[in-house]
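Asker: In the working numbering, the protein residues as written are 33 to 309.
1. Rounding to the nearest angstrom, what Cα-Cα distance links residue 169 and residue 153 in this structure?
2. Suppose contacts are defined by Cβ-Cβ distances below 7 Å. Is residue 96 in contact with residue 81 by that definition?
3. Please go through the same chain and pick out, in chain order, the residues whose beta-carbon is closer than 8 Å to the beta-carbon of residue 54, but skip the five residues on each side of it.
4. What are the boundary residues of the alpha helix (DSSP H) that residue 187 is part of?
5. Kindly confirm or deny that the segment 114-130 and the segment 260-278 touch, where touching means at least three C-beta pairs closer than 8 Å.
6. With a floor of 3 residues, list each beta strand (DSSP E) that falls wholly inside the segment 239-292, ordered by position along the chain.
7. Along the chain, where does the beta strand (DSSP E) that runs through residue 43 open and close?
8. Enumerate in chain order the residues of its own chain whose CB-to-CB distance from residue 263 is below 7 Å, with the five nearest sequence positions on each side excluded.
9. Please state the DSSP three-state secondary structure of residue 51.
10. Evaluate residue 74 with the Cβ neighbour count: other Cβ atoms within 10 Å of its Cβ, from every protein chain shown; 16 or more gives buried, anything less gives exposed.
11. Check for me: the beta strand (DSSP E) holding residue 132 runs from which residue to which?
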């Protein structure tokens, strides 16, 4: 079995006992299996990194998530733990790896230009080193090309080990926190469960962030002035909108407690996304 990019404790919130429905939107098939068999890839993390995520991120958050699932009031320390967890869930999934890999080509090209400029300066000031500088430039070009074609996971792993920055955690903590309780319809989740509008981030007045915690409870943060309680029952249209966000974020897999034969066609649609405010 590989490394779990979604913790098993998280997926249990969407399971019937220890079994959950997985929906592969790429292969267009649905299947029921055990939580331990889902959301994992071989050699996704190093063993050291997996232990770090389990002990530093997942472990402390389990009790907090259980409190939220039971609709219990969160303490200040609970909020800090959950904020770090939600941000880590944005970083640690396949979409997070893809996002970091997307930054590497431009970064590698910048480094290449800097090294080439330095080598050119050396060759200009010391002509006897010009031939050596040319060889070094060719070597640098090969290394940079390899990094651009197949970005190593090292950089992604480094961000996961470093964890969420204090600024990002504080940004999430400064939002208004609510937990939406389903009136009957179930929340779904996916292999990329942390949702926010990328065009505005989480610092703008119109920012929102949502994160399904179970089939019955979904975390929702915003910056609007609201007298709403920490937990409140929402209506069917809001559940549908939050499920659209999960479908939009999906890279390949959606997870549900029930069989949900509608999920594959639902995920295939290009849904317009709306703010809840």
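All C-beta atoms, glycine included, are put in the ideal place defined by N, C-alpha and C. These numbers come from a predicted model, not from an experiment.
Answerer: A quick look at the data gives this:
1. 12 Å
2. no
3. 62, 63, 64, 65, 70, 285, 286 and 287
4. 186-194
5. no
6. 240-244, 249-254, 263-265 and 285-288
7. That residue, residue 43, is in no beta strand (DSSP E); its alpha helix (DSSP H) goes 40-43.
8. 103, 211 and 213
9. strand
10. exposed
11. Counting along the chain, residue 132 falls outside any beta strand (DSSP E), though it belongs to the alpha helix (DSSP H) covering 126-157.
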